[in-house]
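Worksheet for the structure shown next.
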Amino acid sequence: MERDESALANEMRQVLEGLMKTSYDLSKVIAILGLVQLSCGAWVAYTTLFATFGLGVVDALLVQNTLKYLLQFGQVSPYLGYNALKDFFPTMAMKPNLQCSNLACLERQVL
1076 MERDESALAN EMRQVLEGLM KTSYDLSKVI AILGLVQLSC GAWVAYTTLF
1126 ATFGLGVVDA LLVQNTLKYL LQFGQVSPYL GYNALKDFFP TMAMKPNLQC
1176 SNLACLERQV L
């Protein structure tokens, strides 16, 4: 089979080479950001060495939201949950409960 040397084939070859180079460079950037997340997470885990496992997960989510805010990547959610049955991450704004019967709770909810 001979190599196609037409102008269209050459242009397609150049476009594909450019895409491959871009995806390779992008993968390096993603790897670097992943290392930043890992190192921040490792630092938090080291500083909370005597904490329980659950605290480490909460810390990881906190680091992720902090990096989202600092790198302006995505939307920082005030509340993030996880529904394992539907593999769904609900996000919502937390609001005070105005019908709470606890006076101390109502005092803390004043905006």
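Just so it is clear: in the sequence shown, position 60 is 1135 by my numbering, and no numbers are missing. Even for Gly, the Cβ is constructed at its ideal location relative to N, Cα and C. Because the structure is a prediction, the values reported are computed rather than measured.
- Per DSSP, the beta-bridge partners of L1155 are T1166.
- Taking C-beta atoms under 8 Å as the contact rule, M1169 and Y1154 qualify, at a distance of about 5 Å.
- Setting aside the 5 residues that flank it on each side, F1164 is surrounded in the same chain by L1155, G1156, Y1157, N1158, each with a C-beta closer than 8 Å to its C-beta; the list follows chain order.
- In the three-state DSSP reduction, Q1150 falls in the coil class, being neither helix nor strand.
- In this structure, the straight-line span from the alpha carbon of Q1184 to that of K1161 is close to 32 Å.
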